[in-house]
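Structure first, then comments.
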Amino acid sequence: MEREEAIKIATAVNILGSFCGPRDIDELTAAALQDKYHFPQVDVAVLLGGSILAGGEVFAEIMKNRLAEKYVIVGGAGHTTETLREKMAASLGREVSSNSCEAKLFNEYLQKKHGLSADYLETESTNCGNNITFLLALLERENLSHDSLLMVQDATMQRRMEAGWRHHAGAGLVVNYAAYKVTVTGSEKGLTYEEKPAGMWDMDRYVELLMGDAQRLQDTPDGYGPKGKNFIAHVDMPPEVREAFLYLQKFYKMRKANPAYAKP
Numbered sequence: 001m002e003r004e005e006a007i008k009i010a011t012a013v014n015i016l017g018s019f020c021g022p023r024d025i026d027e028l029t030a031a032a033l034q035d036k037y038h039f040p041q042v043d044v045a046v047l048l049g050g051s052i053l054a055g056g057e058v059f060a061e062i063m064k065n066r067l068a069e070k071y072v073i074v075g076g077a078g079h080t081t082e083t084l085r086e087k088m089a090a091s092l093g094r095e096v097s098s099n100s101c102e103a104k105l106f107n108e109y110l111q112k113k114h115g116l117s118a119d120y121l122e123t124e125s126t127n128c129g130n131n132i133t134f135l136l137a138l139l140e141r142e143n144l145s146h147d148s149l150l151m152v153q154d155a156t157m158q159r160r161m162e163a164g165w166r167h168h169a170g171a172g173l174v175v176n177y178a179a180y181k182v183t184v185t186g187s188e189k190g191l192t193y194e195e196k197p198a199g200m201w202d203m204d205r206y207v208e209l210l211m212g213d214a215q216r217l218q219d220t221p222d223g224y225g226p227k228g229k230n231f232i233a234h235v236d237m238p239p240e241v242r243e244a245f246l247y248l249q250k251f252y253k254m255r256k257a258n259p260a261y262a263k264p
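Residue numbers (UniProt numbering): 1 to 264.
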């Protein structure tokens with residue numbers, strides 16, 4: 001790979017990464033919430049199990065700083081679960097069975113690494129859509145207030161998850177806090193991470209996930225917005241993000257939805 005081309009590719013990847021993985025506050029503190037939203041604590045903090053291991057560390061920080069009234073981990077098994085099982089096995093120092101669900105794995109991680117445990121686990125959802133609908137069902141079943149939500153998901157899927165909440169819940173404030181932020185650099189040797197978070201995807205997988213979500217976020221006949229499959233609320237995609245997506249299509253294929261995890 002030529003250096004100039006690698007730098008252009010890395011720049012495009014970083015544009016998609018920043019767009020797909022928003023963080024609405026600069027730090028996980030009550031003061032940051034108070035400064036921006038005029039309250040020090042949300043009703044519910046939720047960790048979505050599609051995240052890499054770094055999401056567990058972020059959620060632990062949220063819990064230690066008491067940023068929510070209640071804490072929920074969501075996730076059965078989906079297209080990213082097998083990678084999580086492999087990373088968790090190494091982190092937990094034990095074998096992880098092929099039917100282990102994301103929510104229970106992350107809760108075990110919190111217990112072992114930080115002595116913490118979520119208040120509720122949702123263990124049946126298989127995709128971003130029913131991550132949200134099953135979460136809503138849990139919140140309503142347990143009669144939990146959810147006017148404000150602090151949401152942690154893998155950075156590749158954070159914006160789509162928030163758009164899914166807006167579509168299905170129709171109300172309530174979501175504070176986005178993507179599980180990680182990375183910067184990709186390009187050189188003659190290819191693409192590399194400046195710093196690699198715990199459990200991070202290999203580079204090709206990371207770009208594949210970003211490309212898949214950039215496609216889904218578009219409100220077009222091929223996207224997931226109201227003008228397409230109507231799975232999520234409308235998302236405004238800036239021109240530079242669309243241009244980065246189109247540029248990367250020259251070099252990468254997009255991830256297709258796995259029908260095994262596509263049930264509503």
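For each residue, glycine too, the CB sits at the ideal point set by N, CA and C.
For residue j and residue i, the rounded distance between their alpha carbons
i: VAL235; j: GLU27; result: 24 Å
i: VAL152; j: PHE39; result: 19 Å
i: ILE62; j: LEU139; result: 19 Å
i: LYS189; j: MET1; result: 7 Å
i: LYS64; j: GLN215; result: 36 Å
i: LEU173; j: ARG3; result: 43 Å
i: ILE73; j: GLY56; result: 10 Å
i: GLY170; j: ARG205; result: 32 Å
i: LEU16; j: THR156; result: 9 Å
i: GLN158; j: VAL96; result: 26 Å
i: ALA30; j: PHE251; result: 42 Å
i: VAL13; j: LEU248; result: 8 Å
i: GLU10; j: THR81; result: What sits at residue 10 in the sequence shown is Ala, not Glu. One C-alpha to the other measures close to 26 Å.
i: GLY199; j: ALA54; result: 7 Å
i: SER187; j: TYR193; result: 11 Å
i: MET211; j: GLN41; result: 34 Å
i: TYR120; j: MET237; result: 34 Å
For residue i, three-class secondary structure by DSSP
i: ILE132; result: helix
i: VAL235; result: coil
i: VAL96; result: coil
i: ALA244; result: helix
i: LYS70; result: strand
i: LEU105; result: helix
i: GLY118; result: Going by the sequence as given, residue 118 is Ala instead of Gly. Coil, per DSSP.
i: LEU53; result: coil
i: ALA45; result: strand
i: GLN249; result: coil
i: LEU84; result: helix
i: MET63; result: helix
i: GLU124; result: coil
i: ALA77; result: coil
i: LYS112; result: helix
Buried or exposed by the 16-neighbour rule on C-beta atoms within 10 Å, applied to residue i
i: ASP154; result: buried
i: SER125; result: buried
i: GLN34; result: exposed
i: SER148; result: buried
i: ASP213; result: buried
i: THR220; result: exposed
i: PRO197; result: buried
i: ARG66; result: exposed
i: ARG94; result: exposed
i: ASN107; result: buried
i: LEU246; result: exposed
i: ALA118; result: buried
i: GLU86; result: exposed
i: ALA90; result: exposed
Within-8 Å CB hit, residue i to chain D
i: GLN111; result: Looking for chain D here will not work: only one protein chain is present.
- Query: Are the stretch 113-129 and the stretch 237-248 in contact at 8 Å, needing three or more beta carbon pairs?
  - Reply: For the pair of segments examined, the stretch 113-129 was found not to touch the stretch 237-248: the number of CB pairs separated by less than 8 Å stays below three.
- Message: As an exercise, report each continuous alpha helix (DSSP H) stretch of at least 4 residues that is fully enclosed by the stretch 145-222, in chain order.
- Response: Annotation note: the stretch 145-222 contains the following uninterrupted alpha helix (DSSP H) runs of length 4 or greater, listed N- to C-terminal: 158-169 and 203-217.
- Task: Mind the definition here: the stretch 35-54 touches the stretch 95-111 only if three or more C-beta pairs lie below 8 Å; say whether that holds.
- Result: Yes, the stretch 35-54 touches the stretch 95-111.
- Query: Counting Cβ pairs, one atom from each stretch, are 3 or more of them under 8 Å apart for the stretch 180-187 and the stretch 13-24?
  - Reply: Enough Cβ pairs lie closer than 8 Å, so yes.
- Could you tell me which uninterrupted alpha helix (DSSP H) segments, each at least 4 residues in length, are contained entirely in the stretch 8-37, listed from first to last along the chain? Those alpha helix (DSSP H) runs which fall completely within the stretch 8-37 and span 4+ residues are 30-37.
- Query: Three or more C-beta pairs closer than 8 Å, one from the stretch 158-165 and one from the stretch 221-233: is that the case here?
  - Reply: Judged by Cβ distances under 8 Å, the stretch 158-165 makes contact with the stretch 221-233, as three or more pairs qualify.
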